[in-house]
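> Counting from 1 along the sequence shown, just add 2 to a position and that's the residue number in the working numbering. Each residue gets a CB set at the ideal place from its N, CA and C atoms; glycine is no exception. If you scroll down you'll find the structure; I have some questions about it.
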Amino acid sequence: MNHAPQIGDRIADRSSQPDERAVRAWMGPEAFQHWVELRTWIEASYPGVFAPDWLYGGKKRGWSLRYKKNKAFCTLLPAYRLFSVLVVLGRVERENFEARRYSWSPQLVKLYDETRAYPDGKWLTVPVSSADDRHEVIELMSMKRPTLA
3 MNHAPQIGDR
13 IADRSSQPDE
23 RAVRAWMGPE
33 AFQHWVELRT
43 WIEASYPGVF
53 APDWLYGGKK
63 RGWSLRYKKN
73 KAFCTLLPAY
83 RLFSVLVVLG
93 RVERENFEAR
103 RYSWSPQLVK
113 LYDETRAYPD
123 GKWLTVPVSS
133 ADDRHEVIEL
143 MSMKRPTLA
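In structure tokens, the structure reads:
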């Protein structure tokens with residue numbers, strides 16, 4: 003049974019990976035603007051390092067765009083009228099996060115504290131709905147891998 007999409011629903015049509023037009027239509031112009039700006043920042047800050055790779059995670063998780071070299075850098079999660087970024091913080095990144103704990107937004111600290119720790123780290127899924135959110139995600143990614151540019 004088809005239902006109207008709900009905020010946060012993922013792009014789940016397995017038949018073809020989404021193109022930019024499909025992502026924009028699904029996310030809406032505001033969320034898509036953050037998507038574009040973050041992708042532009044990654045390409046400018048890490049020229050030639052990453053080849054983004056679309057992954058299909060099944061009906062529930064849908065499509066995501068992963069940036070990876072030898073280990074995962076981040077995964078962009080386009081959803082209906084929503085944009086989030088998955089960043090895995092390993093031991094070193096978690097120590098760095100804790101050292102700067104009071105410089106992060108209360109929302110990010112709460113998300114960090116509530117995220118379960120696994121042997122490979124904390125898998126933070128950070129919603130991006132403002133320039134401030136995007137800046138914090140950029141700080142997290144820069145902590146994982148220093149920029150080249």
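If I measure Cβ to Cβ from residue 100 and keep anything under 8 Å in the same chain, skipping five residues before and after, which residues do I get?
Hits under 8 Å: none found.
> Apart from the five residues on each side of it in sequence, which residues of its chain come closer than 7 Å, Cβ to Cβ, to residue 76?
The answer, listed in chain order, is 69, 87, 88, 89, 143.
> Nearest to residue 50 by alpha carbon, out of 58, 56, 41, 57?
Checked all of 58, 56, 41, 57; the closest Cα to residue 50 is 41.
> Residue 113 by DSSP, collapsed to three states: which one?
Note: residue 113 maps to helix in three-state DSSP.
> Okay, do the region 103-110 and the region 6-13 touch, 3+ Cβ pairs below 8 Å being the bar?
Contact fails: fewer than three Cβ-Cβ distances are below 8 Å.
> Let me make sure I understand the geometry here. Which of 60, 31, 146, 96 has the alpha-carbon closest to that of residue 82?
Measuring from the Cα of residue 82, the nearest candidate turns out to be 31.
> Taking just the CA atoms, how far does residue 66 sit from residue 19?
Those two C-alpha atoms are separated by around 9 Å.
> Would you kindly check if the distance between the Cβ of residue 85 and the Cβ of residue 38 is under 8 Å?
Contact: no.
> Should residue 94 go down as buried or exposed, given a rule of 16 or more other Cβ atoms within 10 Å for buried?
The residue in question, residue 94, is exposed, as its Cβ has fewer than 16 Cβ neighbours within 10 Å.
> Strictly under 8 Å for the Cβ-Cβ distance: is residue 19 near chain D by that measure?
Structure shown: chain D not included; a single protein chain is present.
> Which word fits residue 64, buried or exposed, when buried means at least 16 other C-beta atoms lie within 10 angstroms of its C-beta?
It counts as buried.
> Write down the C-beta distance between residue 122 and residue 92 rounded to the nearest angstrom, noting that I regard them as a contact closer than 8 Å.
Correct: roughly 7 Å between the Cβ atoms.
> Run through DSSP, which three-state label would residue 87 get?
Strand at residue 87.
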